[in-house]
Ligand SMILES: [Ca+2]
Ligand SMILES: [Ca+2]
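Numbering (the working numbering), first residue to last: 740 to 1279.
Here's what the structure looks like:
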């Protein structure tokens, strides 16, 4: 029903051949099929994930800060969008020097967000709805306020003296990363008067790196994972996980770090149906995160598209987009799963990445939702939420403004003063105003997610990049034993006509989303696409 409404709104139901009720492609009970796909260990391949900044999602008590009871109260809204799983950015106690990526207690809840009982209530409420919850696990470093660091810094002989990376000088011959890879600030070594030594921090000085050369650190952090798995979380998103170990000559993803990840995977595998998703620091190739395909991460973010589509659309050329997906399809081990994004808490809002061109955002989302993998929507992306201009923590706050649920002044987020001012154009980018508008971004997202729902082909079917005689056209086909689709995106600002190779025997294309026409004769397709459009054609 939803899809039919969306299609008629897009003007796609008027040419007969592509109606969802077409007897050649009979409708099925997609909700029932989704329930089956989302049960069992492969659930994550079929789930639509939603990245939540708890601080900005929903305030329940008027203090202007989003919290866990607020999030729980919005689960039905997220489920109505088509969300199956949540990724919560850090929820642990923190001095908030890095928005929670500076953890002061691995086994607690940030009191701004609620109590442990509120988190347990969220888990229960999500699971009761068939939704999963994964949380951010930040293992490379702690906050300098963590009890482990307070003990470690006290002197050179305490039981945790070697839990962090200490040096007598602001350098270390065994750790070249101090000069190569300073992410935030002028030096990776910070002087500490208590020990009259320097400690290593890859990020802010308030984020000392843990020393994974210590077996006790390995054991303690694996116990952190067990603590949350015992609570019932469905998995972890692992922050900058490649950076756990340092060495004299390599600041990359060391074998020692991969060995640790294999241990973490074994812990996770002790529990049924739990998953790990990696934040790769290699932005263009996540292959090394998958190991053999079943011994490291279940998923890794595909940043080669997710963080570069702005440039790729800007070039009006599909080559780089096709190449990054081709790399994943041919180079990653069997079993690997892309986590498909078009944004996150670390980069600009999709609206800005699209340079204000809503059609670019829509076409990027179309690729995100139809290539092989599991989509992760960053909260507010489905509304085309705009950037803010205020800064509380750092520049990335521009993409971390409070969620817009309804009209002002509090936009349904808070009855008080929001901790961070709302983004621009809030009156047109809130859920209430978009929900009733079939032309809105929210309605577009619902149609995309409706097309995925219950169809295994998107999450686990085969994918193949198609050869096209026009440099501005992205084309791929997706297929399994049950269904076949051709996805085409015109990445240019002009209408295109093109030929594409379809050696798989597709026939009788029926458009199920978007605009444009595709006719097939033999092994050749003839494509005609309006400017700035994409389309999905079903061919079986
Ligand atoms: Ca609150
Ligand atoms: Ca490290």
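Ideal Cβ positions, reconstructed from N, Cα and C, are used throughout, including at glycine.
{"query": "Return the chain-ordered ranges of every beta strand (DSSP E) run that is complete within the stretch 909 to 992 and spans a minimum of 3 residues.", "result": "928 to 931, 936 to 939 and 974 to 977"}
{"query": "Tell me whether residue 876 counts as near ligand 2, meaning its Cβ is closer than 7 Å to at least one heavy atom of that ligand.", "result": "no"}
{"query": "If we call anything under 8 Å between Cβ atoms a contact, is residue 771 one with residue 777?", "result": "no"}
{"query": "For the stretch 1158 to 1173 and the stretch 1192 to 1200, state whether three or more C-beta atom pairs, one from each stretch, are separated by less than 8 Å.", "result": "no"}
{"query": "Determine, using beta carbons only, whether residue 902 comes closer than 8 Å to chain B.", "result": "No chain B is part of this structure, which consists of one protein chain only."}
{"query": "Between residue 1193 and residue 990, what straight-line distance do the alpha-carbon atoms span, to the nearest angstrom?", "result": "42 Å"}
{"query": "Given this structure, state the Cα-to-Cα distance separating residue 1066 from residue 946, to the nearest angstrom.", "result": "34 Å"}
{"query": "Quick check on the DSSP output: what are the complete beta strand (DSSP E) runs of length 3 or more inside the stretch 1103 to 1135, in order along the chain?", "result": "1113 to 1117"}
{"query": "Hey, quick one: how far does the alpha helix (DSSP H) through residue 1198 stretch, first residue to last?", "result": "1195 to 1199"}
{"query": "Which residue or residues does DSSP assign as beta-bridge partners of residue 1077?", "result": "1039"}
{"query": "Take every Cβ of the stretch 851 to 859, pair it with every Cβ of the stretch 1208 to 1218, and state whether three or more of those distances are shorter than 8 Å.", "result": "no"}
{"query": "Can you name the residues that DSSP bridges to residue 880?", "result": "948"}
{"query": "Which residues in the same chain as residue 1071 place their Cβ atom closer than 7 Å to its Cβ, once the five residues preceding and following it in sequence are excluded?", "result": "1026 and 1029"}
{"query": "Would the stretch 1144 to 1152 and the stretch 1213 to 1224 be scored as touching if the rule is three or more Cβ pairs under 8 Å?", "result": "no"}
{"query": "Out of curiosity, what's the CA-to-CA distance linking residue 912 and residue 818?", "result": "52 Å"}
{"query": "Since residue 1115 and residue 1078 should fall inside the 8 Å C-beta cutoff, what is the C-beta to C-beta distance between them, to a whole number of angstroms?", "result": "5 Å"}
{"query": "Is residue 1075 near residue 1045, with beta carbons less than 8 Å apart?", "result": "no"}
{"query": "Among residues of its own chain, excluding the 5 on either side of residue 1055, which ones have a beta-carbon nearer than 7 Å to its beta-carbon?", "result": "1211, 1230, 1231 and 1232"}
{"query": "State the Cα-Cα distance for the pair residue 800 and residue 827, rounded to the nearest angstrom.", "result": "20 Å"}
{"query": "Looking only at its chain, what residues have a beta carbon closer than 6 Å to the beta carbon of residue 725, apart from the 5 residues adjacent to it on each side?", "result": "Residue numbering for the chain in the displayed model covers 740 to 1279; residue 725 lies beyond these limits and cannot be assessed."}
{"query": "State the start and end residues of the unbroken alpha helix (DSSP H) segment that holds residue 1056.", "result": "Residue 1056 -> no alpha helix (DSSP H), and no H or E assigned at all."}
{"query": "Tell me the rounded alpha-carbon separation between residue 914 and residue 1018.", "result": "22 Å"}
{"query": "Could you give the distance in angstroms between the alpha-carbon of residue 1043 and the alpha-carbon of residue 886?", "result": "38 Å"}
{"query": "Taking 7 Å as the cut-off, is the C-beta of residue 948 nearer than that to any heavy atom in ligand 2?", "result": "yes"}
{"query": "In chain order, what are the residue ranges of uninterrupted alpha helix (DSSP H) at least 4 long that sit wholly in the stretch 1195 to 1235?", "result": "1195 to 1199"}
{"query": "What distance in whole Å lies between the Cβ atoms of residue 973 and residue 842, which are believed to be in contact at a cut-off of 8 Å?", "result": "Not a contact, Cβ separation roughly 20 Å."}
{"query": "To the nearest angstrom, report how far apart residue 1006 and residue 961 are at their CA atoms.", "result": "7 Å"}
{"query": "Tell me whether residue 1046 sits in a helix, a strand or coil according to DSSP, three-state version.", "result": "coil"}
{"query": "Using CA coordinates, which residue listed in 1164, 832, 868 and 1188 is at the minimum distance from residue 1095?", "result": "1164"}
{"query": "Would you check whether ligand 2 has a heavy atom nearer than 7 Å to the C-beta of residue 985?", "result": "yes"}
{"query": "Quick one: using the 10 Å Cβ neighbour count with 16 as the cut-off for buried, is residue 1016 buried or exposed?", "result": "buried"}
{"query": "Considering only C-alpha positions, which residue in the set 1089, 1151 and 1085 is nearest to residue 1132?", "result": "1085"}
{"query": "Is residue 1037 buried or exposed, if buried means 16 or more other CB atoms sit within 10 Å of its CB?", "result": "buried"}
{"query": "Given a cut-off of 8 Å on the beta-carbon distance, is the pair residue 1215 and residue 1108 in contact?", "result": "no"}
{"query": "Considering Cα atoms alone, identify which of 1175, 1080, 881 and 933 is closest to residue 956.", "result": "881"}
{"query": "Taking one C-beta from the stretch 858 to 868 and one from the stretch 895 to 910 each time, how about it: are there three or more such pairs within less than 8 Å?", "result": "no"}
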